Each structure stands twice: as structure tokens, then as C-alpha cells.
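Oh and the sequence shown: position 253 is 266 in the numbering used here, straight run, nothing missing.
Below is one structure, written out as C-alpha cells; the observations come after it.
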Amino acid sequence: MTALNRFISFCRNVFNRKQGDADLSEELREYERLLTDENIRAGMSETDARRSALISIGGVELVKENVRAVRSGAWIEGLMQDLRYGFRSLIRVPVFTTTAVIALALGIGASTAIFSVVNGVLLKPLPYREPERIVTLLHEGSHPVAPANFLDWRASSKSFVDMAAAELWSPNISGAGNAERVLGLHVTPNMIPMLGVAPILGHMFGPETGQVGRDREVVIGFDIWQRRFGGDSTIIGRTVLLNGNGFKIVGVMPRTFAFAPFWAVGAQLWAPIAFGDRALSRNGNSLRIFARLAPHATLEQAQLEINAVTSRLEILYPRTNRNVIVTPLMEQATRGMQRPLIVLLVAVCFLLVAACANVAHMMLARSSSRQREMAVRTALGASRGKLTRQLLCESLILSTTGGLLGLVIAIVGTRTLVALGSAAIPRVQDVHFDLRVLAVTSFISIATGVLFGLAPARNAIRTDLVSSLKDGGRSENGGSANMGFRHVLVASQFAIALTLLIGAGLMMRTLAAMHNINPGFSPRGVLSAIVSATGTAADTAGRREQFFTQTVNRIASLPGVRSVSAINHLPIAGDVWGQSVSIEGQAELAADKRNRATYRVVLPAYFKTMGIPLLKGRDITNADRVGSHLVVIVNARFAEHFWPNESAVGKRFMLGDIRTTVPEWMTVVGVSKNTVISGWTDAPDDEIYVPYLQSKDYLGTGGSHFAFLTFVIKTDGDATLIAPSLRATVTEINPSAPVSDVQSLDSVVEGATADRKFYLVLLSAFAIAALVLAGVGIYGVMSHAVARRMHEMGVRIALGASSSNVLRLVVGRGMLVVVSGAALGVAGALALTKLMDTLLYGVKATDPVTFGSVTAFLLVVALVACWIPARRATRIDPLTALRGD
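Here is the structure:
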């Protein structure tokens, strides 16, 4: 064969697509050899002949690439034909298509929205340099630290390359515009540089700003820069009044900067700490400590080292350095949220599986009705691969459409979750719908399309041509296996619905138990507001008392006000200050343990305004002031703790350690009912109430954090209606005194239970959706089974079967599937509720009442879903059913 004939044969084989790439390469090598030999015979040198052959081969390689392109184009064209056919096929069944798309959209949208929250809260790293190396050092993992201890830890630790401290600071900002109270932090100069975040304008503090007299610099947040200063780019170097003192603005932080991420999350001002005399204090615990692990150090090594340091200090300074825990900052920022979010993620995945199962058995039912179509296409030469690709294309069309609609639901759902969970979700500002979430949505859409499309495709390619074509395809090959698989799908749906309903039921029981908690005070009709004299003309010794007393009297005269008082920190919504105490006659006993109590400072009529009963003794009065006998009111928990089986009234104790302080004994004149202090479900703690008029710190000798009080106002109706009058009254008395955090106590209580309500709403929504899907699933399966067995039912009725017999037969088979699903659901619920134990209150994770009532309810729903098609089966006309025979 000549080289030309060989080339023609090669091209023919190529375009007929009879050879693979390996065969094509072999053909090319053979053609090159023949062409080279022919060129040599034509008189060319071997080198020229070889070069000419290779040039020719280049053309053949081009042919080869064209063949590949033709093959690829043919495959793509076939795929496009399948997609066009799939669209037309689905449009012809709008009810089926709409139902499937909505089910998938709900599953995909809900799962994507929850993942966006999980991504923002748990997966997205904190916006600092190497955030995984940043840790906190706090007593018991959450309590603040004294300045002297911090300085000793920093000097003695080798496991940290840097250690910094921050403390809460709430200054009044005045000057241009109205005075307002702004949340801020005092930080050591190395704090923000340690985080690795630079200001967008200006610079951070120099080391010298940690000295008294050189600490009047401030870095402001982006939000306050925009709101208060209009985003002025020339702001650096300008002086701003904070608590009446001039601070030079040296920097503006980025919009996304938030610190600290677990405490004082709304801070918008950062100024340097100058410890001064406080550098020797081991009792004023006000600092949160942050540190960066050294490159060689592990968390365990750092904990061992800090244990050794604090043990040494504890010997020198007893009761000052106990149980310091090193915690990763990320864990601190998301404390208490890992399990709840995992519970929601598992729940929404269950919902997605339920949606996929629902669409899968809808597709199976439709594939059963299309068996004649598939048989005809097979008989006309369609391969199994072609049929599989066609059905998978339809599944992917449904899932992609559902994914696009789910994307819209996810975006709306994410915003809704952020709004609903603003009080319950830490790092909520980091929850966004980003590219990672979009990638997850795309993956879920494609995966679900393949998942619920496999079973119908498998069913279609196993079609028996003879049985499917004869008599119009009334028989169904493999029908038992097909129905068995659909029963498995329905059982799994009921298991999922039962699991989610039990979870929602436990959350409902938890909320009911929380609503039954008696907080110790009556929130109805009470308004609270923080009034600050810091930096104003009233912030001097003797003027504070006059300002707050005058404010109380003026507010008390407003229409609708029944009583008014003030406290340093509001229960539930306020800060918690602790004080060590020494009990008279028990000082020696207390020397080896730390007695502490929550410290409150109150004006007269506080207990009356808050509705807190006095169990024994009397209330604080205006006569309890500086110069008179020191008195105090304690709560029932304090009285029981230190004087069990005795009356606390008349007993004495002092603040601080009797061994290091000159005794100033305070006499207990009353015992109040226990109140909720911080966490709504926390057990009551020791609590003391000191008269404001006997507190030297609050009357003028203390710093700026003693110059504000939280007012509580009891009204006749809606407490929020008094807010404008409150603001006007304070402004009239002192125009420079800001009023902030105005809220009703009812809203405070609502906020205390916001996290549980958030989880209840989501779990209930998922459970209801899963229940609807399960109900539709069992109804669809039983309806299909009745239609498929119409001939059998006709024969049974013709032979004398009663309606009740047929009803029992159909319902019994359906309920058998449901009962198996319920058993699986109980097992799933036991696993899910183990993750929920930290969310529950007043109910056990294995509460038999919840498990029993939810299971019974679900069985009733399933019974109704089975009874409707079963009732239709009893009305089958035997003549109509048998006419085909």
C-alpha cells in the first residue's frame, strides 16, 4: 500500500470514529515511516525525507485534533438535545415540576442560609493576623484580672511573644453635636499592634502613652468617624472631649475592625491605659488579658507555664491568682455557640435529605408512568447510557432551578437569621453571603440532582421491553423493588420529621420552663435608662448627689410615673461587679477561701420600683447617708450562705479583707428576695445592696465609672411612652448629661431568652417543613400503590372483600412503613438531643412526655395521609378495574 493510500485509509478511519487515540498514534507513526521511505526512493536524503514526513505528519495531527473536536461537539450536541428535551418534558407536567422545585428550593435555601451562619461564626477566621495564635488569660476562663497580676504574668511568661490588657470604658463624648455615651476600651499600647491590624488613617499609640499624663490619645472606630465626624479625612490631630477631657485623635480603624470579639463588641473608642498607682493593685479585677503564643509554644505548654507563674504568685499574694485559664480567642468569641449551630446544621441537613427523598419518589412515580416511553425509545435503539443521561439531565434541571430559587431564599434567609439572631449569635456582623457559601449552594444543587436522579435512572434502564410494551404498559417490571425503595424513602422522611419535631418540642418545653422562672422582680411597666454625669459640671464631689437626687425627684413628678429609683448596674442587662467580703465572727474561717458577692449601689425606693419583695427588715431610706451608721441589704442567698438557720438582720460584715483593711462594719437591715443577676437560667448568687448616699466612690471621690447610674421608672402603662419625657427632664437639668440604653424591662427579659427563641423558631420551621414533606410522601406512595394495584383491588372486591378489609389492607401497609420510620426517628432524636443538652432548661433530653406526644401526633398525621387513598381504594368499581382483562 502506498503512503497516499495509507493516508486516505487513515483519514477514513478517523472520520468514521473507529479508532481510539492510541490507535490514531500508531497510525501516525506507520504513516510517517511509509512517507519517509517514499521520499528516500524519490531521491531525497534521509534527513530531508524525515523532515518532509514530519511536516506532513503535522497536518495529520491537525486532522486528529479536528476529530477530537468533532467527537466533543457531538457529545455536547447530544447533551444539549437532552437538556432541551428535559425542559419540554418538565414543562408538560407543571404541577410535578413546581412541587419538586419548591421542595428542593426550601431544602437548598434553608441549608445554605444556616451554613452561611456557621461559616461566619465558626469557620471564618477572626480578622486579625494569625488569629489562631491569639489567646485570652482570665480567671475561671471568663473573669477579669487585676493590674499587678497582669504585669507579673507578662514579665514572667516565655510562651507568649506579647501580652496586652483591655478594660471597659464608657466615656461621654461632647463638643460638636449632642453629648452621647460611647462604648470604648482602655488598652495597653501594644494591644492593637499585637492583633496585626493597622488604622486606615493615622497611627497607633506609642509606648510612652502608657504613662500617666501622656495617655490623652484616642483611636476611633469607622462608624463613629462617619456618624459623628462625617468621615472627615483631616480628623487626625483634632481634639475631642471625652468625659470633659481633651483627647487627641491619632487614628481611625477600618470598617470591619471589631475588638474584643466576645466582650464589649460594640466598642468604637480605644485609648491607652496608664496604670499609675493601680500597677500595685491585686484586688481591682477589671482587665481582660490577651496574648500571642510564641512560634514554638503550644496551648498546653502555655497553660502549664501560667499555672506555675500563678502558683508562685498565689503563695506571695493569697487569693489573687487562682485558676487562670488560657483559652484560644476563637473559642472565647464563639463560646456556647458550637453545639447550637451544629444542632441547626444537622437539622437543616435532615430537612435537605427529606426534600431530596420527596423529589426522588416523585421522580420514581413519574418514571413508572413513563416506562412505555422508555421501552419505545429502547426498542428504537436508544442505549442505556443515553436514557440514563436523559433522566439525569431532567434531575439536574430540577435541582439547578431549585438551587437558583434556593439561592434567593438563602440570601433572604441569611438576612432574616442575622436580624432574628442579633441578640443570640456572636460575630453576627461576620455573617455574609460570600463566595464560599455560593460554592456550597452550587455543590448542594448538583449533588442533590445526582442523588435523587439515580434511582429513577436505574429503574428506567432496567425496563423489560415485552412487559412494558404489551397492553399499553399496564404492568410494571420491577415494581416490587421500586415500591420497596420508595417505602424506604418515606420511612426516612418520617424518621427525619420525628427527629426534628422532638427537638422542637424540647425547645418549646424549655421556653415554657424559662417563662415560669421568677426573676425576683416585676418587669411590667418599668423603664430603664443609663444617665451619666461623667465629664459634666455635675461630675464633682457633692455635685453628683445633687444631680441624681434632683433627677429622681423631677422624674417622679412626671404624669404616669408611680415610683423611680436608680442602681449602678441593672440585673440581666448590666455589668456585674464583685466585691470580697469579710463576715464578723467568721473572718478566721474565711481566711482560706474567697468570699465574694455581687456589689450593687442603690437609691431609696429601688426595691419598690422593681417589685422586689423584702423578706425581712426594712428598705434603704434617705436617712442612710454619709455620717450615719453604715447599713446594707443582702439577698436571701447571701443570708443563707453566711448565717444559715439564723436571722441575717442585725449581722455585720465589711467589704474587703479584714487582715489588710481597717474594718468598716456594715449592718444588715434587710433581706431581699433573690433576683436573676446575669444569665436568665443561672442559679442566684450572693448579692449586696449598698445605699448610694453612703458610697464615697459614687458621691464624688471615685473615677468616671462611678459617675453614672441606671434609672428604673415604674409607670402606669406602657413604659416606653415615658422615654421622651425622661430625656427632656435630664437635658433640662444638665444639657451635657447623655441618656443611653433606654429600654423597658420587658425587652430586657425578652433579650435574656432570645437565644432559645431563635433556636425554637428555626427548629420548628424545619420540623414543620419535614412533616409536610413526610405527609405528602406517604400520601403519594399510597396513592401510587392504589393506582398500581387497581386490578388487584377490583379482583378482591369482586370476590367479596368488604370495604373495611380493603381499608385495613391499604392503611396497614402504609402504617407499617410509618412505624418503621418512627422507630428510626426515635433513635435519631436520642442522638440529636444529646447535642441539645446545653440548650435545654427544665426538661431532660430524653423527656418521655415530649417523645410520646410528638410520636403520637406524627402517627395521626400519617394515618390521615394513608386513609385518604385507602378510602379511594374502597370505592373502586370491579367492572372498571377488570375491563382491561
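We treat Cβ as the ideally placed atom computed from N, Cα and C, and that holds for glycine.
All of these numbers come straight from a predicted model, not from anything done at the bench.
C-alpha gap between residue i and residue j, whole angstroms
{"i": "R305", "j": "V174", "result": "6 Å"}
{"i": "P737", "j": "I726", "result": "13 Å"}
{"i": "S576", "j": "L706", "result": "18 Å"}
{"i": "D290", "j": "L853", "result": "46 Å"}
{"i": "V761", "j": "L354", "result": "24 Å"}
{"i": "R449", "j": "T868", "result": "38 Å"}
{"i": "W911", "j": "K137", "result": "Residue 911 cannot be examined here, being either before or after the span of the chain that is shown, 14 to 898."}
{"i": "V594", "j": "M679", "result": "11 Å"}
{"i": "I881", "j": "V785", "result": "15 Å"}
{"i": "L214", "j": "I237", "result": "14 Å"}
{"i": "G466", "j": "P274", "result": "45 Å"}
{"i": "Q316", "j": "S170", "result": "10 Å"}
{"i": "L342", "j": "V589", "result": "22 Å"}
{"i": "V675", "j": "M667", "result": "10 Å"}
{"i": "L198", "j": "E180", "result": "6 Å"}
{"i": "L196", "j": "Q239", "result": "16 Å"}
{"i": "V253", "j": "L845", "result": "54 Å"}
{"i": "I302", "j": "R557", "result": "32 Å"}
{"i": "S816", "j": "L135", "result": "58 Å"}
{"i": "N203", "j": "A310", "result": "20 Å"}
Neighbour-count burial assignment, residue i, 16 or more Cβ in a 10 Å radius
{"i": "R537", "result": "exposed"}
{"i": "A649", "result": "buried"}
{"i": "T429", "result": "exposed"}
{"i": "H642", "result": "exposed"}
{"i": "A840", "result": "exposed"}
{"i": "L776", "result": "buried"}
{"i": "D443", "result": "buried"}
{"i": "G825", "result": "exposed"}
{"i": "H216", "result": "exposed"}
{"i": "S578", "result": "buried"}
{"i": "L92", "result": "exposed"}
{"i": "T766", "result": "buried"}
{"i": "A504", "result": "buried"}
Residues near residue i in its chain [Cβ-Cβ closer than 7 Å; skip 5 each side]
{"i": "Q563", "result": "I746"}
{"i": "V361", "result": "A123, S124, I127, F779"}
{"i": "M849", "result": "V356, G516, L519, A858"}
{"i": "A368", "result": "A116, L117, L119, G120, L786"}
{"i": "V743", "result": "V544, T564, A750, V752"}
Residues of its chain near residue i, where Cβ-Cβ distance is below 6 Å and the 5 sequence neighbours each way are ignored
{"i": "I457", "result": "I121"}
{"i": "Y792", "result": "A878"}
{"i": "Y702", "result": "R613, V615, I646"}
{"i": "A192", "result": "N185, S749, P751"}
{"i": "Y711", "result": "V614, Y705, F719"}
{"i": "G257", "result": "G548"}
{"i": "F534", "result": "M623, G624, I625, T688"}
{"i": "V755", "result": "A542, A736"}
{"i": "Y330", "result": "R295"}
{"i": "T851", "result": "R352"}
Residues near residue i in its chain [Cβ-Cβ closer than 8 Å; skip 5 each side]
{"i": "S298", "result": "Reading off the sequence shown, one finds Asn at residue 298, where the question assumed Ser. Only H152, H156, P157, V158, A159, G591 meet the Cβ criterion."}
{"i": "R884", "result": "L820"}
{"i": "G730", "result": "G538, G573"}
{"i": "T863", "result": "I515, G518, L519, R522, V856"}
{"i": "L734", "result": "G573, T728"}
{"i": "L96", "result": "C406, I410"}
Span of the alpha helix (DSSP H) around residue i
{"i": "V108", "result": "107–131"}
{"i": "G764", "result": "758–765"}
{"i": "Y141", "result": "It is not in any alpha helix (DSSP H) - Y141 carries neither H nor E in the DSSP assignment."}
{"i": "H654", "result": "649–655"}
Residue i - containing beta strand (DSSP E), residue span
{"i": "K847", "result": "Unbroken run through K847 is the alpha helix (DSSP H), 816–848; no beta strand (DSSP E)."}
{"i": "Y612", "result": "609–615"}
{"i": "V232", "result": "230–233"}
{"i": "F446", "result": "F446 -> no beta strand (DSSP E), and no H or E assigned at all."}
_Check whether the stretch 547–557 and the stretch 685–692 touch, using three or more Cβ-Cβ pairs below 8 Å as the test._
Cβ pair count under 8 Å is below three, so no.
_Using a Cβ distance threshold of 8 Å, determine whether the stretch 317–326 contacts the stretch 91–105, with at least three qualifying pairs required._
By the Cβ rule, the stretch 317–326 does not count as touching the stretch 91–105, because fewer than three pairs are nearer than 8 Å.
*Could you tell me whether the stretch 256–272 touches the stretch 337–344, using the rule of 3 or more Cβ pairs below 8 Å?*
Segment contact: the stretch 256–272 against the stretch 337–344, fewer than three CB-CB distances shorter than 8 Å; contact not assigned.
*asked:* Whether or not the stretch 411–429 and the stretch 111–127 are in contact is what I'm after, with contact meaning three or more pairs of Cβ atoms, one per stretch, closer than 8 Å; do they touch?
replied: As far as the Cβ criterion goes, the stretch 111–127 touches the stretch 411–429, which means the pair count is three or higher.
*asked:* Check whether the stretch 194–213 and the stretch 138–152 touch, using three or more Cβ-Cβ pairs below 8 Å as the test.
replied: These segments touch.
*Would you be able to state if there are at least three C-beta pairs under 8 Å between the stretch 281–288 and the stretch 223–232?*
Between the stretch 223–232 and the stretch 281–288, the count of Cβ pairs shorter than 8 Å is three or higher; the stretches touch.
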